[in-house]
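Student: Order-wise, the sequence lines are chains A and B.
Terminal number for the first sequence in this note's numbering: 218, no gaps in between.
Terminal number for the second sequence in this note's numbering: 828, no gaps in between.
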Amino acid sequence: KAGVTQTPRYLIKTRGQQVTLSCSPISGHRSVSWYQQTPGQGLQFLFEYFSETQRNKGNFPGRFSGRQFSNSRSEMNVSTLELGDSALYLCASSTGQEQYFGPGTRLTVT
Amino acid sequence: DQQVKQNSPSLSVQEGRISILNCDYTNSMFDYFLWYKKYPAEGPTFLISISSIKDKNEDGRFTVFLNKSAKHLSLHIVPSQPGDSAVYFCGSQGGSEKLVFGKGTKLTVNP
Numbered sequence: 109k110a111g112v113t114q115t116p117r118y119l120i121k122t123r124g125q126q127v128t129l130s131c132s133p134i135s136g137h138r139s140v141s142w143y144q145q146t147p148g149q150g151l152q153f154l155f156e157y158f159s160e161t162q163r164n165k166g167n168f169p170g171r172f173s174g175r176q177f178s179n180s181r182s183e184m185n186v187s188t189l190e191l192g193d194s195a196l197y198l199c200a201s202s203t204g205q206e207q208y209f210g211p212g213t214r215l216t217v218t
Numbered sequence: 718d719q720q721v722k723q724n725s726p727s728l729s730v731q732e733g734r735i736s737i738l739n740c741d742y743t744n745s746m747f748d749y750f751l752w753y754k755k756y757p758a759e760g761p762t763f764l765i766s767i768s769s770i771k772d773k774n775e776d777g778r779f780t781v782f783l784n785k786s787a788k789h790l791s792l793h794i795v796p797s798q799p800g801d802s803a804v805y806f807c808g809s810q811g812g813s814e815k816l817v818f819g820k821g822t823k824l825t826v827n828p
């Protein structure tokens with residue numbers, strides 16, 4: 109079974125721009141969660157989608173948004189990028205409590 | 718407010734010795750706990766878990782201990798191997814609550 113895939117793997121954007129990251133979960137997994145990883149803050153939860161509905165949301169500003177499609181693929185969007193948004197963005201899919209992570213998208217904001 | 722804390726950002730041990738990684742949580746609703754391991758340039762991978770009805774779970778060289786009264790869990794790796802060098806994240810979850818992770822502990826196992 110193919111694992112969780114994320115595209116792109118690396119991205120460089122400038123302040124004020126917006127970005128869209130994509131995540132394809134493991135086949136059959138309906139839950140997709142997004143995390144931001146930074147050296148100082150570790151893994152921070154952004155949001156979780158299940159069957160195209162946002163089920164949980166972390167403490168991030170409204171500039172961070174996401175959606176899930178009927179095939180369970182998910183996208184995350186960050187608008188008006190700030191330097192502090194530079195991080196590794198991880199997507200994880202699950203059927204229960206154990207989550208399977210993708211390799212992440214490394215976003216650099218200059 | 719950090720609900721899951723890994724107070725040691727890094728840990729260094731000799732190959733063959735025991736590695737002990739610690740994690741504290743504050744939310745008494747948490748009833749499921751997981752450890753993930755992360756290598757550079759890769760996503761975290763699931764290592765071992767424990768539910769609150771147990772106080773110990775063992776899988777090969779990895780054992781997780783849960784002390785509910787102290788809201789503390791630890792991961793023991795015996796014997797430690799150089800390939801275990803990675804960042805270890807502790808995660809906690811309860812009910813319909815989201816999975817919350819600590820900031821991670823970077824383990825270095827020296828040959």
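For each residue, glycine too, the CB sits at the ideal point set by N, CA and C.
As the structure is a computational prediction, the values presented were derived from the model and not from experiment.
(1) What are the residues that DSSP puts in a beta bridge with A:GLN144?
(2) Less than 8 Å between CB atoms is the rule here; does A:LEU215 satisfy it with respect to chain B?
(3) Ends of the beta strand (DSSP E) at B:TYR742?
(4) I want to know whether the segment 116-129 of chain A touches the segment 186-198 of chain A - three or more CB-CB distances under 8 Å.
(5) Establish whether the CB of A:LEU198 and some CB of chain B are separated by less than 8 Å.
(6) Give me, in chain order, the residues of the same chain whose beta-carbon lies closer than 7 Å to that of A:THR218; leave out the 5 immediate sequence neighbours on both sides.
(7) Just curious, the beta strand (DSSP E) that A:PHE177 is in, first and last residue?
(8) Alpha carbon to alpha carbon, how far is B:GLN723 from A:PHE168? Give it in angstroms, no decimals.
(9) Tell me, please, whether the CB atom of A:LEU129 is closer than 8 Å to any CB atom in chain B?
(10) How is B:ASP776 classed by DSSP in three states: helix, strand or coil?
Tutor: Well, looking at it:
(1) A:GLN152 and A:TYR197
(2) no
(3) 736-742
(4) yes
(5) yes
(6) ILE120 and THR122
(7) A:PHE177 -> no beta strand (DSSP E), and no H or E assigned at all.
(8) 22 Å
(9) no
(10) strand
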